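Worksheet: the structure to be examined is printed underneath.
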Ligand code: PHE
Ligand code: ZN
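Right under this line is the structure:
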């Protein structure tokens, strides 16, 4: 916490480090009230750039006890200490610097640096946490070989871990012991990790295709030993997949995963010692939902894939964060698609982009995939850097094709192994290996905001041509008033009466690309452009942005009949889903208009019929049917409404409830049949077929509960008999949302009694309560802050309860009296001091204040202003507030 206003740093100011560190020796002495850290850094002036420069090290909240240069202790006048730095003016070209510091892990609630999570010590260093451990050149382009020794009380901390290989273990005789570790791969400090705790492990092994035997271990508290199988299986699948798809092998004899309860993010890819939020690694059918199983598989893969895309080749500076994150998210998405249903995965990812990332792009924190400035880097672990970054890599994959893309990734890994590089280096490797010019494409890295593609279609019956006219534009974002046209891969098809038509672009060689000539990727490069298809024998319905081929908003003036045609007959799964969404949105907006004008609401029967037909079609993947029949959320509808003059939460909510209910009643018998048909009799397994059935069955339950009060009995019966958490929690949600107060309280109490010993399940319980509708919601959430199951220091609990309320209970969060915002602001105020990263993240819903009509918009702003006037703001919170209020 500083008193001066934190200032921004800029990509354009990047300078190579004046000094490099070749070797880093660390000795930790861990105690209950302090940790002593001794560091010996083997430093060298960076030839060419470091001449004459002082040595400036980063450090925060460190108590310096001793400092020596080449073994000689430095006196007070020989170095200078500032708020966050230590400088030594005159140093030789090569020397060792040794320091001893005292830090207080027990008091570290920021969960950055070395801290205590329950009974164990652990670290989190990305992005700039290492400077809270010792004085260092804490920047990713300084890579050193690490030797680490850890000393602690043996009884409390029998397991002592760090990166690389164990080299020694000694009993010190006085109840303490010591372990030494050595990591042969030079790495930036952000990949350093240490763990000390009373942990047990599940052990396995993996033989790489080159014949290396790797020992795999997942470390957890003893009570969680039965929840590691799925993560272990996922790890082995990931290791195999990276060999098969990218030719990347694991490079050490050990790979360790540790589960910790208090963690700001999902997980961290520290070299050979991945540290996971326990919610992203522990699984069992009894305690974890299908979604949870899939998340664990994806995150285990993500962290493992970082070993190459992130660790072996790392980032030069934090502006390049998407170099490792965008690429790795693309890799894990493809892995998940290969392990489960490709189309469902694509729909899920497109949904995240359209609902959450587009909102970020349209808000005050909008930034490019490669930002050009930041105040606090922690604020830039965003959907834009991760998910849009992955979409940018996916577009390269689409433009190059799989073979050339693989050549590009091989070249990238080979050329930059052991280096800290930039997004530009990645693009260059892709260009060189494929011979494709990505000149214009590069703008995707630099330009913020979501492009809008406005498409028109024109059929000329005489000439048998079909012309697509495409206009692209991107609205201004903070600091970027002018936008340039991007290269946008627009995948298209043309749907005819009897299926998708063969495509032939006028003036191009016959389209024989694969056996499938009904699919084409158009390259949109201009602000306005036309594409003419010839030999089109009937008036088609254009199937656009197939597979979500680019992270853009697409506008085409479809009639509802055309949307029904796409939804039922197009051969691209994404387009079918998207047509269902567009149809739903157009119906929802129509009903909202009726409500606002006090007219009787009428839900278009065409829509109801199309949905019912879909639900009756048992030849379809039930998971896709469920996704298509799930209405867009109120948050997304609010984003859409913002562009049409300001969102009104009440009418959006009413409209959505009206359409849900109409669909529930219209297809009641069919919902009931789907509910019965999709029962899973086999023992629980998190496999695509079962997941699909449960997902449609539980969606059916939601609709049924709306259609008729009696159907709550189905939910209660399901709750009573469920043998897995997916079905149990789905039933609990339905009872809490749609049941009577008594039914709800009974189920919630029962659930807590059953699961109070399982922290991760209790978090789900907190979240369900946060979304209970009605006037009493805020009081309930406030009450839960005092519950024994809640702890403001645990980010998972804060996300479940406070995040769950803000994001999952729109009507009560956006109460007209502003009490929801005030409550939210008070939690942020408390977290601003204890955990600034979490505080800043929680601000996101309030930053959307411009989207809302009066009185909400104004009240949201008022709460932001109140927070901005607080005396001591963390840089994290300061940055979000100041950008939201300009
Ligand atoms: N690098 C981690 C990942 O994406 C995320 C992370 C960032 C974790 C910062 C902790 C702190 O895999
Ligand atoms: Zn990552």
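Residue numbers (the working numbering): 124 to 1009. From the three backbone atoms N, C-alpha and C, an ideal C-beta is built for every residue, glycine too. Just so you know, these numbers come straight off a predicted model, no measurement behind them.
At the level of alpha carbons, what is the spacing between residue 573 and residue 476? 10 Å
Taking residue 181 as part of the beta strand (DSSP E), name the residues at either end of that continuous run. First-last of the beta strand (DSSP E) with residue 181: 178-181.
According to DSSP, residues forming a beta bridge with residue 342: 324, 381
Give a yes or no on whether the C-beta atoms belonging to residue 693 and residue 618 are separated by under 7 Å. yes
Is the region 929-940 touching the region 963-978, taking contact as three or more C-beta pairs under 8 Å? yes
Just to confirm my understanding: we take residue 771, look at its own chain, exclude 5 residues before and 5 after, and list those with CB closer than 6 Å. What are they? 976
When 812, 427, 863, 622 are compared against residue 339, the one with the closest alpha-carbon: The candidate whose alpha carbon is nearest that of residue 339 is 427.
Report the rounded CA-to-CA distance for residue 413 versus residue 749, giving the unit in angstroms. 14 Å
Just reading off the beta strand (DSSP E) that residue 695 is part of, what are its end residues? Looking at the DSSP string, residue 695 is not in any beta strand (DSSP E), and its letter there is neither H nor E.
Excluding the five sequence neighbours on either side, which residues of its own chain have a C-beta within less than 7 Å of the C-beta of residue 903, listed in chain order? Scanning its chain for C-beta atoms nearer than 7 Å, with the 5 sequence neighbours on each side dropped, one finds around residue 903 the residues 892, 895, in chain order.
Quick check: what's the CA-CA separation for residue 650 versus residue 473? 24 Å
Reducing DSSP to helix, strand and coil, say where residue 431 ends up. coil
7 Å Cβ cutoff met for residue 490 and residue 571: yes
Would the beta-carbon of residue 983 fall within 7 Å of that of residue 1004? no
Any idea what DSSP makes of residue 588, helix, strand or coil? When DSSP states are grouped into helix, strand and coil, residue 588 belongs to the strand group.
Would residue 957 and residue 232 qualify as a contact pair, given that the criterion is a beta-carbon distance under 7 Å? yes
Check residue 968 in the structure and name its three-state DSSP category. helix
How about the region 709-728 and the region 655-669: do they share at least three Cβ pairs that are nearer than 8 Å? no
So does residue 391 have its beta carbon nearer than 6 Å to some heavy atom of the ligand PHE? Checking the Cβ of residue 391 against the ligand PHE gives yes.
What would DSSP say about residue 747, mapped onto helix, strand or coil? helix
Does the beta-carbon of residue 804 have 16 or more other beta-carbons within 10 angstroms, so that it is buried, or is it exposed? exposed
For the alpha helix (DSSP H) that residue 639 lies in, which residues bound it at each end? That residue, residue 639, is in no alpha helix (DSSP H); it is neither H nor E in DSSP.
Integer Cβ distance of residue 932 from residue 900, believed to fall under 8 Å: 6 Å
Measure from the alpha carbon of residue 135 to the alpha carbon of each residue in 926, 886, 493, then state which is nearest. 493
Would the beta-carbon of residue 448 be found less than 6 Å away from any heavy atom of the ligand ZN? yes
Heavy atom of the ligand PHE within 6 Å of residue 504 beta-carbon: yes
Residue 565 (DSSP reduced to helix, strand or coil): Three-state DSSP puts residue 565 in a helix.
Using CA coordinates, which residue listed in 456, 482, 440 is at the minimum distance from residue 497? Here the closest residue by C-alpha is 440.
Strand pairing of residue 622, partner residues [DSSP]: 619
Taking the CB atoms as reference points, tell me whether residue 165 and residue 184 lie closer together than 7 Å. No.
Reduced DSSP category for residue 125 - H, G, I as helix; E, B as strand; rest coil: Residue placement at residue 125 cannot be trusted, given a pLDDT of 48 that sits under 50; the coordinates are not used to answer.
For the ligand ZN, is there a heavy atom less than 6 Å away from the beta-carbon of residue 451? yes
Quick one: is residue 186 buried, meaning 16 or more other Cβ sit within 10 Å of its Cβ, or exposed? Residue 186 counts as exposed, since fewer than 16 other beta carbons sit within 10 angstroms of its beta carbon.
Would you identify the three-state DSSP class for residue 108, choosing helix, strand or coil? Because residue 108 is not part of the residues shown, which for the chain are 124 to 1009, the question remains open.
Collapsed DSSP secondary structure at residue 1000 in the structure displayed: helix
Comparing C-alpha positions only, which one of 988, 727, 555, 545 sits nearest to residue 529? Among 988, 727, 555, 545, the Cα nearest to that of residue 529 belongs to 555.
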